[in-house]
Each structure stands twice: as structure tokens, then as C-alpha cells.
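There are 2 protein chains.
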Amino acid sequence: MKAKVYVTLKPSVLDPQGKAIKHAVELLGFNAVSDIRKGKYFEIAIDGSRSADDARADAEKLARDVLSNPIIEDFRVEIEQ
Amino acid sequence: MKAKVYVTLKPSVLDPQGKAIKHAVELLGFNAVSDIRKGKYFEIAIDGSRSADDARADAEKLARDVLSNPIIEDFRVEIEQ
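So the sequences go chain by chain: A and B.
Mapping of the first sequence onto the working numbering: residues -3 to 77, in sequence order.
Mapping of the second sequence onto the working numbering: residues -3 to 77, in sequence order.
Put into C-alpha cells, the structure is as follows:
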């Protein structure tokens, strides 16, 4: 079973890395791009013996405790069979 | 319109950062986790005046040319209205 965790900065938090990418992209001529924000993405392989609910609980605990900083980041978990 | 770009290391490429996270996670007692791979995630805001096809073409060019290293990384693009 695979869990996918997406970690993004909260909307109110500045993202200087995203701003730098946006600036570079503008110089390359992509004029339709109005904003870029960078996040993190994790693919977690979980033993097939766990139920989907247990796997989701594990992945959410992992995302909250290890993979994200809940003060400045949000996360989202998807489970794939 | 929003484009989401997911960049992951190709399966054949070693991911030492993911391995380090997996090791830390094991020490914390998550025994059901058999592997973790870390990727990048970008949210790109694209002018609403572009059609969905144009936005996808832009986002794919951006992902290929700027956001990923095609030698060691794969990418996936999703368009959200």
C-alpha cells in the first residue's frame, strides 16, 4: 500500500524559494504564470498487512509529527491501494 | 487556474534523504513503513485567460525545463480549474 503526503506552506507564510522560481520563469518568457509555491511530496510504502484505515492513521501521524512543521505548513494524505 | 507539478526521483535513482527519513521513522516506532521517497511539489497559478490545454502545455514545459532534472527525475502534471 502506498501513502502520498503533500506538505505545503500555509497561505499566510512567505515562500521566497517559490518567488525565486517565479522570477526565473518570468525571465524565460512564461508570462501566464502568476505565482509559484514550492512544497514537499513523500511517497511512503506501507506493509500490505495494514488496513487502509490503519495506514491512513499511520501516514497522518507521520505527516504531522515528522514530515511537516504544523506551525507553518499544512499537509494532505492520500492512500493508494 | 492552478497547475500542480509533482517531481519524483526515478525508481532506479537512490534517495538518501528518503532513506534517512525512513530510518528516523523506524526509530520512532512506525514498523509498518517499508520505504519512504522524497519528492518535490509545486503549485503554479496560471492566468485564467489561458485554456486548460494551453495551461497544461505551459506547466509541462515548465516542469521539464525548470522544475525537474529529466536525467534523474520524473514529473507529473495536474490541472485544476
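We treat Cβ as the ideally placed atom computed from N, Cα and C, and that holds for glycine.
Residue environment, residue i, which counts as buried when at least 16 other CB atoms sit within 10 Å
{"i": "Ile67(A)", "result": "exposed"}
{"i": "Asp76(A)", "result": "Going by the sequence as given, residue 76(A) is Glu instead of Asp. By the 10 Å Cβ count, Glu76(A) comes out exposed."}
{"i": "Val29(B)", "result": "buried"}
{"i": "Val21(A)", "result": "buried"}
{"i": "Ala48(B)", "result": "exposed"}
Close-in-space but distant-in-sequence residues of the same chain around residue i (CB under 8 angstroms, 5 per side omitted)
{"i": "Ala55(A)", "result": "Ala(-1), Val1, Ile40, Ile42, Val73 and Ile75"}
{"i": "Ala51(B)", "result": "Met(-3), Ala(-1), Ile42 and Ile75"}
Residues near residue i by beta carbon distance below 7 angstroms, same chain, minus five either side
{"i": "Lys34(A)", "result": "Asp11, Gln13, Gly14 and Ile17"}
Selected residue, minimal CA-CA separation from residue i, among the options
{"i": "Leu58(B)", "options": "Pro7(A), Arg46(A), Leu24(A) and Gly44(A)", "result": "Leu24(A)"}
{"i": "Asp31(B)", "options": "Tyr37(B), Ser64(B) and His19(B)", "result": "His19(B)"}
{"i": "Leu63(B)", "options": "Phe38(B), Gly44(B), Ser45(B) and Phe26(B)", "result": "Phe38(B)"}
{"i": "Asp70(B)", "options": "Ala53(B), Met(-3)(B) and Lys36(B)", "result": "Lys36(B)"}
Close beta carbons around residue i, own chain, < 6 angstroms, minus the five adjacent residues each side
{"i": "Val9(B)", "result": "Ile68"}
{"i": "Ser45(B)", "result": "none"}
{"i": "Thr4(B)", "result": "Gly35 and Asp70"}
Uninterrupted alpha helix (DSSP H) stretches inside the segment 7 to 50 of chain A (no shorter than 4 residues) = 12 to 23
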